[in-house]
Amino acid sequence: MEPAVSGGAQGGGSRRSSSPAAEHADAEGSTSTPSEAGESDEGDGEGAPGAESGDGWIEERVRDVKVATIGNVDSGKSTLVGVLTKGLLDDGRGLARSRVFNFTHEAQNGRTSSIAQEIMGFDDGGELVVADRPGAVTAASRNTAWQHIVGHSRQLVTFIDLCGHEKYLKTTIFGLVGLCPDYAMIIVNANAGFQRMSREHLGIALALRIPFMFVVTKIDIAPANVYEENMTLLRSIVRSKAVRRQPVLVSGEGDLQDAAEGLVADRACPIFQVSNVSGEGLPLLRSFLQRVPSRLRDSGLFRPPSAPVEFHIDGVFTVNGVGLVVAGLLRAGSVRPNQQLLLGPDKSSQFKPVLVKTIHCKRVPSELAESGQHCGFALRSLVKKETLKKSSFRKGMVLVDAAAQPKATWEFRAEVVILHHATTIRERYQAMIHCGIIRQCAAVKHMSCELLRTGDKAMVTFRFVYHGEYLRPGSPLLFREGRTKGLGRVVEVLHESSPEA
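The sequence shown stops at residue 501 when you use full-length UniProt numbering, and every number in between is there.
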């Protein structure tokens, strides 16, 4: 099974084999495109609705908190995710991370090049739910494990394991911008300290206003003097003018509540110290993640289940015996099997009717998907004599209600601030726009001032270079050219513009 959009970053990487029956769930449950579109899963398992609150939101039957793991390469991100979710310790030779990787080449070179997803569950008594998964990791074994965890858990933590190497920075940005994590967990190697890509990832988390914590790994092998030096540096970074947080070193159960409240309020940055081999510090980290709340309603990135459907596609698969399956994040509304929606904008900026045949959430068949969940939909085209193919999809496509009368736009206005730039920005400057699942080059058509430098703010009109996109006013965006970064928010979508404008 191949993802629809490939970045080609790791040629020859093979996916672990699975049965056709397992592939449908795996298409929704894994994020497997190397250095390209990432996938996650935000679901409640059976899809059973809860009580509706006054603001249109449905009370979650199973609380799900999304945590992105970021940090420099070789800091131990995938190993930490494997240890936390599998209930096992690492052997120091890659055992834990091998249970997380999507591709064979990742296991061979020990480097994450795609966005992997894993879940950690807690039952009604707050105990860790562990699924026994011996032997080789396959799509079928992963599906069985996830279904066990979802079925026995009252609370879930979904880890979005992102890439640490600079080569895959665009993949990491996609994960942070497009998958909307509640929190970021910045992993720091106690031996190597806070390195350049960790700084880059921290800057992106700050720009996107994602609350973050630090987890210092490999404390069992770090020399005392090196460890103390790196911890001192870490505290100074947290207190710096750019970050402006209070570092909270979590050393016992008594620190957890204050650390959780400070993280949610963006006034504190918890710091954990762990060893994935000895297990030191892991129970504290698990207890902390169990305490932090979901930011689904407060992030401003989602609308209630009562709103018109808006489903952002981040992966496309062809599954034997099922057909075409799309995976993505439901940003608004609710979806049931046999519901008709519009799919687009395609390469010609058009939207076409499709039927949602079946739904999977958290690798579990579901009769309902609601706003905030990451799901997989099996689709069928409603256009006569037209069959959906992977080749007809591109990054940035959505599923929306026909009543919304969606249109693709080539131009939009945004309020932006330049976070870092070595020179100046002027009209006709081009940068890569990251806005939700959209990742496309756009040119500056007009600015409210003649030049922009680091720290400047302005109203800017952007024009996409290759395709029209589906945009909503209020959407946050990040744009970059190399290490150049700017942050903004879409103010106005200019539908009257044309491809030739």
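C-beta atoms are modelled at their ideal positions from N, C-alpha and C, and glycine is treated no differently.
Computed from a prediction, not measured in an experiment: that's the story for all the values here.
A straight-line Cα-Cα distance of about 15 Å links Pro337 and Gln373.
Taking the Cα positions, Lys218 is about 48 Å away from Thr409. When DSSP states are grouped into helix, strand and coil, Val238 belongs to the helix group.
When only Cα atoms are considered, Val188 and Lys407 end up about 44 Å apart.
The stretch 344 to 361 makes no contact with the stretch 283 to 302: fewer than 3 CB pairs, one atom from each, lie closer than 8 Å. Annotation: the stretch 319 to 356 contains the following complete segments of the beta strand (DSSP E) (minimum length 3 residues), in chain order: 323 to 332, 339 to 344. By the Cβ rule, the stretch 388 to 403 does not count as touching the stretch 418 to 434, because fewer than three pairs are nearer than 8 Å. Each of Leu206, Arg209, Gln246, Gly76 was checked against the Cα of Ala190, and the nearest Cα belongs to Gly76. The stretch 236 to 277 is shown to contain whole beta strand (DSSP E) runs of 3 or more residues at 246 to 249, 268 to 273, in chain order. Beta-bridge analysis with DSSP links Leu128 to Phe122.
For Val150, the enclosing alpha helix (DSSP H) begins and ends at 139 to 152. With contacts defined by Cβ atoms closer than 9 Å, Val264 and Met185 do not form a contacting pair. If you look at Leu382, you'll find it isn't in any beta strand (DSSP E); DSSP assigns it neither H nor E. In the structure shown, the three-state DSSP call for Val81 is helix.
As computed with DSSP, Val460 is found in a beta bridge with Ala414, Met447. Beta-carbon to beta-carbon, His201 and Ile313 are separated by about 25 Å, too far to satisfy the 8 Å threshold. Residue pairing for Ser366: DSSP places it in a beta bridge opposite Ile359. Lys395 places its beta carbon 9 Å or farther from that of Arg331. Arg239 and Gln246 have their alpha carbons spaced roughly 6 Å apart.
Exposed is the label assigned to Leu451, since fewer than 16 other Cβ atoms lie within 10 Å of its Cβ. When secondary structure is reduced to three states using DSSP, Leu452 falls in the strand class. When secondary structure is reduced to three states using DSSP, Glu427 falls in the coil class, being assigned neither helix nor strand. Using a C-beta cut-off of 8 Å, the stretch 112 to 127 makes contact with the stretch 149 to 164, since at least three inter-stretch Cβ pairs fall below that distance. Taking the CA atoms as reference points, Leu477 sits about 12 Å from Cys180.
Counting along the chain, no beta strand (DSSP E) covers Gln405, and no H or E run does either. The beta carbon of Leu471 sits closer than 8 Å to those of Thr409, Phe412, Cys435, Ile438, Val490, Val493, all from its chain and outside the five residues before and after it, given in chain order. Less than 9 Å separates the beta-carbon of Ile425 from that of Arg453. The closest CA to that of Ser366, considering only Gln147, Asn72, Val83, is found on Gln147. Between the C-alpha atoms of Phe393 and Gln273 there is a straight-line separation of about 43 Å. Under the DSSP assignment, Met185 falls outside any alpha helix (DSSP H), being part of the beta strand (DSSP E) whose first and last residues are 183 to 189.
Beta-bridge annotation (DSSP): Thr158 is paired with Lys66, Ile119.
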